[in-house]
Structure formats: structure tokens, C-alpha cells
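Report on the following structure.
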Amino acid sequence: MSSRPTSTGGKPPLYKIVMLGDSGVGKTSLVARLTNPDRPLNHDISATMGIEFDTQMLDTEHGKVKAQIWDTAGQERFARVLLPTYFRKAKGVILVYDISNAKSFESLSERWMAQLNDHASSDDLAKLLVGNKSDLEASREVTQEKAEQFCQEYGMEMLETSAKSGENVLKAFEKLIGIVHDRALAASKNKTGIKGINGSQQNTVKLDDHNGAQDASSGDASACGC
Ligand code: G3D
Ligand code: MG
Numbered sequence: 001m002s003s004r005p006t007s008t009g010g011k012p013p014l015y016k017i018v019m020l021g022d023s024g025v026g027k028t029s030l031v032a033r034l035t036n037p038d039r040p041l042n043h044d045i046s047a048t049m050g051i052e053f054d055t056q057m058l059d060t061e062h063g064k065v066k067a068q069i070w071d072t073a074g075q076e077r078f079a080r081v082l083l084p085t086y087f088r089k090a091k092g093v094i095l096v097y098d099i100s101n102a103k104s105f106e107s108l109s110e111r112w113m114a115q116l117n118d119h120a121s122s123d124d125l126a127k128l129l130v131g132n133k134s135d136l137e138a139s140r141e142v143t144q145e146k147a148e149q150f151c152q153e154y155g156m157e158m159l160e161t162s163a164k165s166g167e168n169v170l171k172a173f174e175k176l177i178g179i180v181h182d183r184a185l186a187a188s189k190n191k192t193g194i195k196g197i198n199g200s201q202q203n204t205v206k207l208d209d210h211n212g213a214q215d216a217s218s219g220d221a222s223a224c225g226c
């Protein structure tokens with residue numbers, strides 16, 4: 001209905017989103033599949049510690065936006081001290097578990113949701129639950145019903161993906177970024193109110209630039225503050 005694009009012409013808004021979940025669930029593979037869809041899954045993660053991010057242009061119902069996707073580089077146990085940096089100015093989070101690993105699903109409520117609430121104002125973050133490795137149906141340990149219960153409890157939507165086959169990978173990122181963008185547009189409308197009528201498109205980008213992750217729009221790691 002109100003599908004007026006808001007980022008036509010100008011610079012597309014940039015939103016930081018973060019990947020969360022146990023080691024081995026496929027976070028890095030999902031990002032790699034999105035940003036390099038033709039690359040085989042066989043990635044070589046060097047022994048880097050800390051955080052890395054990649055940017056990707058994505059389509060939403062209301063125009064193109066740029067997603068800056070942050071991922072823990074290396075072992076998640078190093079992430080604790082880096083969590084404040086990790087969550088700083090994030091607008092969305094993808095909570096990933098492995099459908100063939102019940103423990104990775106339990107970790108979401110036992111560990112990752114708590115960390116999320118400790119370090120980010122949860123209301124400000126759009127969240128998406130992703131059950132990865134859907135190609136491993138024969139070894140499934142987490143039913144869709146269980147995942148749906150989780151979603152109801154924490155107020156989010158979910159998708160099952162396979163970084164291996166590519167199934168639903170783009171859809172998952174587009175879904176989250178769509179929610180993030182809609183929220184930003186709504187917030188921008190509220191903030192600009194009547195005054196914003198003249199230049200709402202410009203204001204959308206500017207407001208987002210102030211609140212978002214614009215400093216690193218070039219993909220320059222120096223801007224991440226880590
Ligand atoms: P992480 O970043 O969450 O720690 P990785 O997870 O992306 O490093 O992936 C961990 C392992 O799971 C990798 O296997 C990777 O190839 C595999 N993997 C990731 N996504 C999928 C998927 O959708 N399906 C299947 N079958 N495997 C997947 P290795 O053997 O390299 O450790
Ligand atoms: Mg990883």
C-alpha cells in the first residue's frame with residue numbers, strides 16, 4: 001500500500017546487523033553465502049579473533065538499503081569482552097541455531113538472549129530467528145514447533161535456512177533488513193512530524209546516518225571502534 005520508496009536517488013541507508021549463536025551453527029557460512037553466493041561453502045577461517053563485518057546491498061519493499069553484517073571472527077568465547085562493541089548501534093540481530101543440534105537451540109535462551117538484553121536495548125533491535133542447516137533434515141533435533149514457541153515467547157519471526165544449498169539465505173537477510181528499514185522509516189516520520197513533509201526522503205537518510213553505522217559505510221574496519 002504505502003510503498004513509496006524513500007531512498008531513491010540518494011545514498012541508501014546503512015544499517016548494522018549482528019549475527020549471534022553458538023560456534024559451528026553456520027553464521028559465517030550464512031554471511032559468506034549472502035555476500036559471495038557463488039563461492040563454495042568451504043571457507044577458511046583464519047585464526048583471527050574478534051569481529052569482522054561485510055556489507056551487502058539488499059532490496060526492501062521501500063527501496064534499496066545497505067546492510068553491514070557483523071560476525072564473530074573465530075571463537076565465540078572471545079566475544080564476551082567484545083560484546084559492547086559488537087552491539088553498538090546495531091539495528092538488527094540474527095539469532096542462529098543449527099536444526100541438527102538441540103544444544104545450539106537451547107543456548108539461544110540460556111545464553112544469547114541474555115547477552116543481547118545485557119548489551120543492547122532489546123526494543124530497539126529487530127530480531128530474526130534462523131534455524132540453519134535445513135539440508136540436514138535426517139538429523140533434525142529441533143522441531144519447527146519448538147522454534148515457533150521461542151518466537152512467540154520473544155516476539156520475533158523465523159526462517160529455516162541452508163548455507164550449504166543457499167535455501168532461504170537471501171530471504172532471511174532481506175526479511176530482517178526489511179523490518180529494520182520499516183522501523184527506521186516509522187521513527188523518522190515520528191521525529192520529523194509535520195516539518196518532515198517537504199524533505200522526508202532526505203531526512204530518512206540523514207536521521208539514519210546519525211543513528212546508524214554510517215561511519216563504516218565504506219566497509220572500513222577502522223570505523224568499527226574495536
Ligand atoms: P559459525 O560461523 O557459526 O561458527 P561456520 O559456523 O559458518 O563456521 O560453519 C560451521 C560448520 O558448519 C562448517 O563446517 C560449515 O561448512 C558447516 N555449515 C554451515 N552451514 C551449513 C549448512 O547449512 N548445512 C550444512 N550441512 N553444513 C553447514 P566445517 O566442516 O567446515 O566445520
Ligand atoms: Mg564463524
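Read in the UniProt record's numbering, the sequence shown has 89 at position 89, and its numbers run on one by one without any break. Every residue, glycine too, gets a C-beta built ideally from N, C-alpha and C.
Candidates V96, L136, D118, K16: closest to L108 by CA position: V96
C141 - DSSP class collapsed to helix/strand/coil: For clarity, residue 141 is Glu in the given sequence; the question names Cys instead. In the structure shown, E141 sits in coil (DSSP, three-state: anything other than H, G, I, E or B).
Beta-bridge pairing of W70 - partner residues as DSSP gives them: V18, F53
Unbroken alpha helix (DSSP H) run spanning A126, endpoints: Where A126 is concerned, there is no enclosing alpha helix (DSSP H), although the beta strand (DSSP E) it sits in stretches over 126 to 132.
Any non-hydrogen atom of the ligand G3D closer than 7 Å to L159 Cβ: Outside the cutoff, so no.
Per-residue burial, K11 [other beta carbons within 10 Å of its own, 16 or more giving buried]: exposed
Inter-residue Cα distance where the pair is L34 and K103: 25 Å
DSSP bridge partner residues for V96 (one or two, in chain order): V130
Buried versus exposed call for D71 [16 or more other C-beta atoms within 10 Å across all chains shown]: buried
Distance CB(G26)-CB(D135) smaller than 8 Å: no
Contact belief for L116 with L176 at Cβ below 8 Å, rounded distance in angstroms: That pair is no contact at about 14 Å.
Residues that DSSP places opposite T35 in a beta bridge: Answer is none; T35 lacks a bridge partner.
Span separating the alpha-carbon of residue 227 from that of Y15: As displayed, the chain neither begins before 1 nor continues past 226, which places residue 227 out of reach and without an answer.
E82: CB within 7 Å of a non-hydrogen atom of the ligand G3D: The sequence shown places Leu at residue 82, not Glu. No.
Rounded C-alpha distance that separates M113 from G63: 30 Å
Close Cβ partners of P37 (< 7 Å) along its chain, the five nearest in sequence each way excluded: The beta carbon of P37 is closer than 7 Å to those of G166 in its chain, skipping five residues each way along the sequence.
Inter-residue Cα distance where the pair is R140 and V130: 14 Å
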